[in-house]
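As structure tokens, the structure follows; a few thoughts come after it.
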Amino acid sequence: MSRAFRLAITFMWVVSLCLPTLVRSSATPSLSPTSPTDAWWDNAYPYRLPVTVSGQGLATVSLDFGAHLDALGLNHALLDVRSIRVIPYASGAAGNPLAYVETYSTLLDDADTPQIGWSDTGVYWTVNDGTAQADPSRHTQGTGSLKAIVDNLPGGYGYPGVELHIASGDPLTNWSPYETFLYDVWPEVNASAVDQAPDLYWYKLYNACGGTAVTQGGPPLALNQWNPASVSLNPFDACWPADGLNLSDITRMEFHTRDNDTVNGNSGLWDDGDQLTLWFDNLRLVDQNNGTLQWQTVPGVTLYYIYFDILAHAGHPLPEVVATLSGTPVAGVAGAAESGGYFHLAGGATLPGGWSVWAAPTVEKITPTMLPPIATAPVTFAAARGEFEAFQLVVRAPAETTAPVTASAFIGPVTIPAPTLHQVGYVPITTAGDAFDRFGAWPDPLWPITNGTSLTFPTGQNQPLWFTVQVPWDAPAGDYMGTVIVGGASIPVTLTVWDFTLPRETHLASEWGFDWSNVVEMYKGTDGGVQACYWDVVDSLKQQFADARLTPKGVAWPAGLNYPGGMEYDCNGTLRPDAWGDWDFATLGGKYIHGEQGFNEGYGFEEFLAFGPTSNWPPDSLPYSFCGVGRSGVLGDAQYQAEWTQYLSALDAYLVSDAYTNAYYHIVNEPQTDADYTIVGQLSALTEAAAPHLRQMVSEQVEPAIYNYPGAKIDLWMPTISNYESEKSHVRQANYGEDVWWYYLYGDDPPLPNPILMSHPGAEARLTPWLAWHERVDGLLHYSTTDWSSNPWTTPNVTGQDNGDGFFFYPPHQDGSGLNTCGENGHQLVPSIRWMNLRDGMEDFEYLWLLAGGDPQVGQGNAADAFVAELIQSRTLFSHIPTDLAATRAALAAAIQGIPAEATALKTANPASLLPGGQTTFTLAYYHVGEPTTLTVVDPVPDALTILNATGPGTVEVNGQTVTWTVDVQEGEWVTLAISTQADLTPGAVTNTATFSSDQILTAQTTVLVYQSQVFLPILARP
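Note that the numbering used here has the sequence shown beginning at 4, numbered continuously upward.
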């Protein structure tokens, strides 16, 4: 099954004509014979259970999925009922998925003829500031849907949206039996509201927690398509039964927006004139513990497997509507649930009796109780030259055992050094921040261990281990064999080195807060004074950041560009950055920024924070006094400003003379109000006049009140991902050369991804750089990686906000104390799984950079975009399935090497939106496999787009609206055609399909949506 298909297939439901239940079927995926007994049908599905049916007819089985999930060792897991597949088996081989009927979901409203307006019976809909109507033209099941238009009006309700009510006394007000709420939603916005997508609305459930309403984010969405939404009810957001969760009287819920008028200033919320249109259909409640499955038996088949997954693994393909089922019921007998797929036992391993060793993707967080898989496959992984790549093995011993863990070097064309080892640790989660949190032992810390260290493996519990290989920069491509030995267990592992090399430079900027003074003291670099190992500690800590391609705050620490801090300034315009010897900025900046003295083999942290505001309160952003002059007010008097700007000018001259112009000054932190925006403008204008080469950052979304302030010039905008507005950002990036970063906080709640929160799926941290590429975001930031004010080993909710907020690293001892002696652990930080997943995502970003031939540009497509689209539809809607990520990364690596496995036709369109009459460029790319031949591409460009030009190798002809491209192609060659167009003013959907003809015929299409005043371009490139 193609990865694009996984994300794009439409999901629909129909009511059976023969049974008061639901009929569904699934698409046919490829078989994955990984089990020595019954082949595992599809490695993307990690769970299954067998059902034996004797006789022919309508197979019927009642399954308590909640109990099966518990038996799999999953902590309060929620069934994704849409993931269920029924697979027939014959002689151990899997067949095609069968249509089936299920009764786990209860219909709340089919929306065919929705009640609109108050009613004393049934389910009814109302709209705050808007209208609603039945719409028979669009639906996922039945004959219609509820269409609601929501307007953000001047002086209107601050939270306009749609309300769903259940009349008091209706049996469906009792949601206590249900674990999830499902519905289908199609969103559209007008031109001014494009910036609000894709986190379009909030979901508010009344009377849910202690008799009060609870509000959480809406579902992952992409515009202008049906989206299957799933809402966890138990827990609901952060409310659990112990917190007062009570779903016995649910009579009201809202799907609401929020207007900027509800805040003082602007929080990137909805503005007056913004309009949201939502279609709702097929609203259902799921009781995963009670229900039945029915399907038509296959002649001669008695064994069936039910495959299923959990809500945390969003991204499976969704079934299509099928005909109804009928027949005589035949009882099925279910066996125990099994784990497999991308979880698999280590093939070829030699194990002591009762032991299991199994592999799991590094984005999967393995709890102590998860059941080992039954499927078996070799342990393999792959990487480019210069890449750090990890694999995860899980050891489970039948009795408590202490055994050494050893990993060999990898032997192949050359010898690659043995991997570094980490033991996965567990921390106790006792508080919840959102529906992802689960109480109890949670995997997050990665405890560094030396090769050969003995570990204690507890009785009947999982102990995951991470092994990270650094592939040498000059390693030949090919396969390399290594071995992991745990006591008496021996596990063969194969590393494939791909034939390309990662760039030495890092192309996605970042800033990660780091408490240098405290950490260096904890690592005994300072202990009543500077110790002999001081520089070894500092160098090692910075090298670990460089290895992860992530930039710490304070890259030149203990020196900096803020006076005094590694430089001298005479308050008369003379700056001396070389006045402190080994401790001055000239020395340490040269080392850690320019890569001098051998740091990181000559590659330093090129983009870095020079200094920031004195206070987090905007009016106190400048120093309280400077060069003996006190500051009055925000900017100080004329004498203060003269002293401050003289210093900035001296600093500016130094940045230019010594090539530090990638430095940036964070001028104001988190301005909140219109008055704060004025302060930002004032400080920016003051800085720009004095230091035009010193880049300026503000931690806020793009705001006209700031960039329109006379003389102001913001170079780096840093909104939280919650407040990020893509359209405004892209205009500033494309037209003014400004950058936009994402700033992550604990409050960036689902559906937005958040790499800082430990309970979120590992895919979120791994895909964060992919999402940055998708959105053309230039950098990432979190304010702290080492908040150890409470011991995160015992209190992972250090800040009191959410688990993981404020730290990515753990103290070097589990009691929260520092090392006993300097170097006792080789100066190794104790990273988290989140940090390592983020590191891997940063390396993935370099894959994209290599294939695209440079940084992604706003308004321009590139060869890497099609691979990103395999995983991502929007910054909230992306695959959480590990096999999707692995397959896309492998295909990306193959494309970089010029070796796709099959002929490939791709088509993209950029920019994502433009004003009337604006231009967009279609990029058509073809990769050839086979004998040399001639490729002919015919692209009939729709009339709504005027062709400006078409360029590419070979012969390109434009005849009216049709572009014909003829080019000779060779084995392993990419060829690319660019068609520049201009959109007219007619709103509507435009689909452009190109046909590629060589020794086979392929098509690729792109859909363009033209708004009344903008064009929005969600790309769906499908070969």
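Don't be surprised by glycine CBs; every beta carbon is placed ideally from N, CA and C.
Inset, instruction - Can you check DSSP and say which residues form a bridge with Asp-312? - result: Counted from its first residue, the sequence shown places residue 312 at position 309. In the DSSP output, where bridge partners are listed per residue, Asp-312 has Asp-83.
Inset, instruction - Rounded to whole angstroms, what's the CA-CA distance from Thr-558 to Asp-573? Just pull it up for me. - result: Residue mapping note: residue 558 aligns to position 555 of the sequence shown, counting from 1. Residue mapping note: residue 573 aligns to position 570 of the sequence shown, counting from 1. The residue asked about is misnamed: residue 558 is Val in this sequence, not Thr. Those two C-alpha atoms are separated by around 25 Å.
Inset, instruction - Quick one: which unbroken beta strand (DSSP E) runs of 3-plus residues sit fully inside the segment 916–996? Chain order, please. - result: 922–931, 936–943, 948–954, 958–962, 965–972, 976–986
Legend entry - Simplified DSSP state of His-816, which is helix, strand or coil: As a first step, residue 816 must be located in the sequence shown, where it is residue number 813. It is coil, neither helix nor strand.
Legend entry - Alpha carbon of Ala-1007 to alpha carbon of Asp-187, nearest angstrom: Counted from its first residue, the sequence shown places residue 1007 at position 1004. Counted from its first residue, the sequence shown places residue 187 at position 184. The alpha-carbon atoms of Ala-1007 and Asp-187 are separated by roughly 27 Å.
Legend entry - Bridge partners - Ser-148, DSSP secondary structure assignment: Along the sequence shown, read from residue 1 onward, the residue named residue 148 stands at position 145. Its beta-bridge partners are Asp-138.
Inset, instruction - Excluding the 5 residues preceding and the 5 following Asp-138 in the sequence, name in chain order all residues of the same chain whose CB lies nearer than 7 Å to its CB. - result: Counting from 1 along the sequence shown, the entry for residue 138 is found at position 135. Excluding positions up to five away in sequence, the list reads Gly-147, Ser-148, Lys-150, Trp-282.
Inset, instruction - Check whether the Cβ atoms of Gln-1030 and Lys-731 lie closer than 9 Å to each other. - result: Examination of residue 1030 is not possible in this model, given that the chain is present from 4 through 1026 alone.
Inset, instruction - Out of Ala-613, Leu-612, Phe-611, Gln-644, point me to the one whose CA is closest to Tyr-627's CA. - result: Taking the sequence shown and counting its residues from 1, one reaches residue 627 at position 624. For the residues Ala-613, Leu-612, Phe-611, Gln-644, the minimum Cα distance to Tyr-627 belongs to Gln-644.
Inset, instruction - State buried or exposed for Met-484, treating a residue as buried only when at least 16 other CB atoms are found within 10 Å of its CB. - result: Indexing the sequence shown from 1 puts residue 484 at position 481. By the neighbour-count rule (16 or more Cβ atoms within 10 Å), Met-484 is not buried but exposed.
Inset, instruction - Spell out the partners DSSP gives Ile-875 in its beta bridges. - result: Counted from its first residue, the sequence shown places residue 875 at position 872. In the DSSP output, where bridge partners are listed per residue, Ile-875 has Phe-881.
Legend entry - Endpoints, the alpha helix (DSSP H) within which His-669 is located: Start at 1 with the first residue of the sequence shown, and residue 669 comes out as number 666. Looking at the DSSP string, His-669 is not in any alpha helix (DSSP H); the run it does join, the beta strand (DSSP E), is 666–671.
Inset, instruction - Measure the CB-CB distance between Ala-906 and Val-932 and report whether it falls below 9 Å. - result: The residue labelled residue 906 in the question sits at position 903 within the sequence shown. The residue labelled residue 932 in the question sits at position 929 within the sequence shown. Yes, they are a contact pair.
Legend entry - Contact check, Leu-553 vs Arg-842, beta carbons under 9 Å: The residue given as residue 553 occupies position 550 in the sequence shown. The residue given as residue 842 occupies position 839 in the sequence shown. Result yes, Cβ atoms of Leu-553 and Arg-842 sit closer than 9 Å.
Legend entry - Residue closest to Thr-965, alpha-carbon to alpha-carbon, out of Pro-956, Gly-957, Leu-948: For the purposes of this step, residue 965 is taken as residue 962 along the sequence shown, with counting starting at 1. Checked all of Pro-956, Gly-957, Leu-948; the closest Cα to Thr-965 is Leu-948.
Inset, instruction - Take every Cβ of the segment 846–858, pair it with every Cβ of the segment 290–307, and state whether three or more of those distances are shorter than 8 Å. - result: no
Legend entry - Enclosing beta strand (DSSP E) for Trp-501 [first to last residue]: The sequence position of residue 501 within the sequence shown is 498, counting from 1. Unbroken beta strand (DSSP E) run through Trp-501: 492–504.
Inset, instruction - Apply the 10 Å Cβ neighbour rule to Ser-65 and answer buried if 16 or more other Cβ atoms are within range, or exposed otherwise. - result: Walking along the sequence shown from the start, residue 65 turns up at place 62. Exposed: under 16 other Cβ atoms inside 10 Å.
Inset, instruction - Look at the Cβ atom of Pro-407, then the Cβ atom of Val-489, and state whether they are nearer than 9 Å. - result: Counting from 1 along the sequence shown, the entry for residue 407 is found at position 404. Counting from 1 along the sequence shown, the entry for residue 489 is found at position 486. Against a cut-off of 9 Å, the Cβ pair of Val-489 and Pro-407 comes out as a contact.
Inset, instruction - Flag this pair as touching only if the segment 813–828 and the segment 516–530 have three or more C-beta atom pairs under 8 Å; answer yes or no. - result: yes
Legend entry - Own chain residues within Cβ distance below 6 Å of Thr-648, not counting five before or after: Indexing the sequence shown from 1 puts residue 648 at position 645. Same-chain partners within the cutoff: Ala-693.
Inset, instruction - With a 10 Å radius around its C-beta and 16 neighbouring C-beta atoms as the bar for buried, classify Tyr-739 as buried or exposed. - result: Stepping through the sequence shown from its first residue, residue 739 is reached at position 736. Classification of Tyr-739: exposed, given that the 10 Å Cβ count is below 16.
Inset, instruction - Can you say whether Gly-684 is buried or exposed, counting buried as having 16 or more other CB atoms within 10 angstroms of its CB? - result: As a working note, residue 684 is residue 681 in the sequence shown. That one is buried.
Inset, instruction - Go to Val-743, then tell me how far its beta strand (DSSP E) extends in each direction, as first and last residue. - result: Sequence index remark: in the sequence shown, residue 743 carries index 740 (1-based). From DSSP, the beta strand (DSSP E) with Val-743 extends over 742–746.
Legend entry - Asp-847, enclosing alpha helix (DSSP H) - first and last residue: Residue 847 sits at position 844 when you count from the first residue of the sequence shown. Note, Asp-847: alpha helix (DSSP H), 836–855.
Inset, instruction - Check Thr-771 in the structure and name its three-state DSSP category. - result: Within the sequence shown, the letter at position 768 stands for residue 771. In the structure shown, Thr-771 sits in a helix (DSSP, three-state: H, G or I).
Legend entry - Through-space distance from Gln-817 to Ser-793, alpha-carbon basis: Start at 1 with the first residue of the sequence shown, and residue 793 comes out as number 790. Start at 1 with the first residue of the sequence shown, and residue 817 comes out as number 814. Those two C-alpha atoms are separated by around 12 Å.
Legend entry - Three-state class that DSSP yields for Gly-1036 in the structure shown: No statement about residue 1036 is possible, as the shown extent of the chain runs from 4 to 1026 and does not include it.
Legend entry - Own chain, CB closer than 7 Å to Gly-164, minus 5 neighbours either side, in chain order: In the sequence shown, counting from the first residue as 1, residue 164 sits at position 161. Only Asn-131, Val-153, Tyr-204, Glu-257, Phe-258, His-259, Thr-260 meet the Cβ criterion.
Inset, instruction - Mind the definition here: the segment 348–358 touches the segment 69–86 only if three or more C-beta pairs lie below 8 Å; say whether that holds. - result: no
Legend entry - Limits of the alpha helix (DSSP H) - the one that Asp-482 falls within: Residue mapping note: residue 482 aligns to position 479 of the sequence shown, counting from 1. Per DSSP, Asp-482 belongs to no alpha helix (DSSP H); it is in the beta strand (DSSP E), 481–489.
Inset, instruction - Could you check the C-alpha separation between Thr-967 and Gln-804 for me, to the nearest Å? - result: The count along the sequence shown starts at 1 and reaches residue 967 at position 964. The count along the sequence shown starts at 1 and reaches residue 804 at position 801. Each residue's Cα considered, the two are about 58 Å apart.
Legend entry - Separation of Asn-155 from Asn-285, as counted between CA atoms: As a working mapping, residue 285 is identified with position 282 in the sequence shown. As a working mapping, residue 155 is identified with position 152 in the sequence shown. Their Cα atoms are separated by approximately 26 Å.
Inset, instruction - Name, in chain order, the residues that DSSP records as bridge partners for Ser-628. - result: Here residue 628 refers to the residue found at position 625 when the sequence shown is read from its first residue. Its beta-bridge partners are Gly-633.
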